[in-house]
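Sequential numbering from 26 applies to the sequence shown in my numbering. Backbone N, C-alpha and C define an ideal beta-carbon position, used for all residues, glycine too.
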Amino acid sequence: MADIEGLTTRYRALAPNILKMATDGKRILVVTHIDADGLCSGSAVFASLKRKGANVALRTVPDLDAKTIGSLKGLGYEFHIFTDLGSTLVTELEGTFGKDFLVMDHHQISEADIRSPNVVNAWAYGFDGGKDACSSAIAYLFAVTLDWANADLSPLAVVGAVADRQDAGPGRSLTGLNRVALADAQSRGLMSVTTDLMFTGRETRPIHEAVALTSTPLLKGLTGSKDAVLALLHQSGLPLKDGGSWRTVSSLSKGEKESLVETLAAALGSQEGASDALAGIFGEVYTLRFEDAFTPLRDAREFGTLLNSCGRMGVPGIGIAICLGDRSHALSAAMKSLSEYRGGINKALSGLASEPSRMERHGSVVFVNGEGLVDEKLLGPVISILTSTPEFRDKVVVGRATGRDAEVKISSRVGDAFAGEVNLGLVMKEAAEAVEGVGGGHEMAAGAKIPSSRTETFSRAVLARVAG
Ligand code: C5P
Numbered sequence: 026m027a028d029i030e031g032l033t034t035r036y037r038a039l040a041p042n043i044l045k046m047a048t049d050g051k052r053i054l055v056v057t058h059i060d061a062d063g064l065c066s067g068s069a070v071f072a073s074l075k076r077k078g079a080n081v082a083l084r085t086v087p088d089l090d091a092k093t094i095g096s097l098k099g100l101g102y103e104f105h106i107f108t109d110l111g112s113t114l115v116t117e118l119e120g121t122f123g124k125d126f127l128v129m130d131h132h133q134i135s136e137a138d139i140r141s142p143n144v145v146n147a148w149a150y151g152f153d154g155g156k157d158a159c160s161s162a163i164a165y166l167f168a169v170t171l172d173w174a175n176a177d178l179s180p181l182a183v184v185g186a187v188a189d190r191q192d193a194g195p196g197r198s199l200t201g202l203n204r205v206a207l208a209d210a211q212s213r214g215l216m217s218v219t220t221d222l223m224f225t226g227r228e229t230r231p232i233h234e235a236v237a238l239t240s241t242p243l244l245k246g247l248t249g250s251k252d253a254v255l256a257l258l259h260q261s262g263l264p265l266k267d268g269g270s271w272r273t274v275s276s277l278s279k280g281e282k283e284s285l286v287e288t289l290a291a292a293l294g295s296q297e298g299a300s301d302a303l304a305g306i307f308g309e310v311y312t313l314r315f316e317d318a319f320t321p322l323r324d325a326r327e328f329g330t331l332l333n334s335c336g337r338m339g340v341p342g343i344g345i346a347i348c349l350g351d352r353s354h355a356l357s358a359a360m361k362s363l364s365e366y367r368g369g370i371n372k373a374l375s376g377l378a379s380e381p382s383r384m385e386r387h388g389s390v391v392f393v394n395g396e397g398l399v400d401e402k403l404l405g406p407v408i409s410i411l412t413s414t415p416e417f418r419d420k421v422v423v424g425r426a427t428g429r430d431a432e433v434k435i436s437s438r439v440g441d442a443f444a445g446e447v448n449l450g451l452v453m454k455e456a457a458e459a460v461e462g463v464g465g466g467h468e469m470a471a472g473a474k475i476p477s478s479r480t481e482t483f484s485r486a487v488l489a490r491v492a493g
């Protein structure tokens, strides 16, 4: 059972020591992951400590391993807080930092490590860390336990949650601890919740582009076909422009939204899955009320995509600046990284499509060889998109890309129509450890880093575990 009280009590017990470190001027380092949930959680912890006058710095890492832990030790900080990572490396962290660290995370963790005094993990408090509590929500609860004034950070928890695809409740809603943060954001007037059309880029993209960009749900014949959607909408007579500017989905009136849905319904016709797809375009929309209209910061999902692009395109600091309130230079730099991110993903997907030999099928498992083609930082989003396509929705997709230092980066996802049972976090951990790599994550999405010379053995270890 979810135990928010237990989590709050734990933070209350930890707070005096952390506040003392802040007043004593101890050098504290927050280390976080580069994805949106990492940027939001790291920023929330950093901001809450900075506001208490702490001598605190914030760093991002693409992933954590023994080598990275060693180099962090070399920086000479007196206390270390890890957000959105660390759960599979507690022994290494203890060996390096002794008691001078704290992990705040939601990834799966072993029974032994979950009890560590240096770990606060969602699973220990009855939350499913893959659905009910992202790291940003775990970090947010820490921030508001330190000081209720930090409730202004609640939108970061919502952005982290939707970016980590935790909007898995009915109608794409947030649940568990994520919902608690959402309720705080609503009660402070910072966010509003409506049931509305969910198209990707609903606040910023021309309507036809928003429809064509939407892959959850997949709209057969429309997703990925910008020109076809434009022609369809022209025919329908829906006014797509206001003066010289393209209108957005969010700017449509209720009646116009209804007529857009009717047009799309007619286009989808009676094809298989059409009614599910249509139902799937409605869901909970989370709006950041104080962000400017027509920016990607107004819709929590767009905000999350923007942050993911910053992290994945090598400018996580820009994402952090945005989380901490910068709306000038950082926003324009982030928009640039977003367009590069989309371009990079499209290029990788079309590269894979033109080289089918890169897809190796073994029953319900598909190995995707992205070595030399897919940038390791884009591998996760690329594998997520592939797994959502009709071809792979019932599969477990395991992708690999060339990493640094003779290593291979692995990203894996379970399709939502997969008929078997698999816990990918566990599979990645065990298969990676079998080849002296590191791996872990969630039931439906996990990753690893392994030596490049051991790819075959790793693949065999994955197959043995997924098959049974
Ligand atoms: O990198 P990718 O997006 O594929 O990662 C999927 C999930 O697995 C993320 O939540 C990531 O933090 C987690 N992961 C992990 N340990 C690794 C690699 C990835 O927990 N070594």
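In the structure shown, THR200 falls within a coil segment according to DSSP collapsed to helix, strand and coil. In the three-state scheme derived from DSSP, where H, G and I count as helix and E and B as strand, PRO476 is classed as strand.
A contact between stretches requires three or more CB pairs, one per stretch, nearer than 8 Å, and the stretch 426–443 meets this requirement with the stretch 400–416.
Distance from the CA of ALA237 to the CA of TYR311, rounded to the nearest whole angstrom, comes to 21 Å. Within 7 Å of the C-beta of THR113 there is at least one heavy atom belonging to the ligand C5P. Taking C-alpha positions only, ASN394 is separated from TRP173 by approximately 48 Å.
Relative to the ligand C5P, the beta carbon of ASP400 is positioned no closer than 7 Å to any heavy atom. Among the bridge pairs identified by DSSP, LYS266 is matched with TRP271.
The ligand C5P has no heavy atom closer than 7 Å to the beta-carbon of VAL187. In the three-state DSSP reduction, ASP177 falls in the helix class (H, G or I).
Under the criterion of beta carbons closer than 8 Å, VAL55 and GLY67 qualify as touching, at roughly 5 Å.
For MET216, there is no enclosing alpha helix (DSSP H); the enclosing beta strand (DSSP E) has its first and last residue at 216–222. PHE315 is classed as exposed because its beta carbon has fewer than 16 other beta carbons within 10 Å across all chains shown. For LYS51, the secondary structure class from DSSP, reduced to helix, strand or coil, is coil. Membership of ARG425 in the beta strand (DSSP E) is indicated by the continuous run 421–427. At a threshold of 7 Å, GLY397 does not count as near the ligand C5P, since its beta carbon sits no closer than that to any of the ligand's heavy atoms. The distance from the Cβ of PRO180 to that of MET216 is about 6 Å, consistent with a contact at the 8 Å cut-off. Setting aside the 5 residues that flank it on each side, THR85 is surrounded in the same chain by VAL56, THR57, HIS58, ILE59, GLY63, LEU64, GLY67, GLY336, PRO341, GLY342, ILE345, each with a C-beta closer than 8 Å to its C-beta; the list follows chain order.
The beta-carbon distance between VAL391 and VAL422, rounded to whole angstroms, is 5 Å. This is short enough to meet the 8 Å contact definition.
Scanning its chain for C-beta atoms nearer than 7 Å, with the 5 sequence neighbours on each side dropped, one finds around GLY376 the residues LEU398, in chain order.
In the structure shown, the three-state DSSP call for VAL460 is coil. In this structure, ALA149 is the residue among ARG352, THR220, LEU100, ALA149 with its C-alpha nearest to the C-alpha of GLY31.
Under the three-state reduction of DSSP output, TYR165 falls in the helix class. The residues SER179, PRO180, VAL183, MET216, in chain order, have a CB closer than 7 Å to that of ALA210 in the same chain once the five nearest residues on each side in sequence are set aside. Counting every other CB atom within 10 Å of its CB across the protein chains shown gives ASN371 a total below 16, marking it as exposed. Assignment of ASP90 by DSSP, reduced to helix, strand and coil, places it in the coil class. The residue among LEU363, GLY464, MET338 with its C-alpha nearest the C-alpha of ASP88 is GLY464.
Excluding residues up to 5 positions away in sequence, ALA237, THR239, SER240 lie with their Cβ nearer than 7 Å to the Cβ of THR248 in the same chain.
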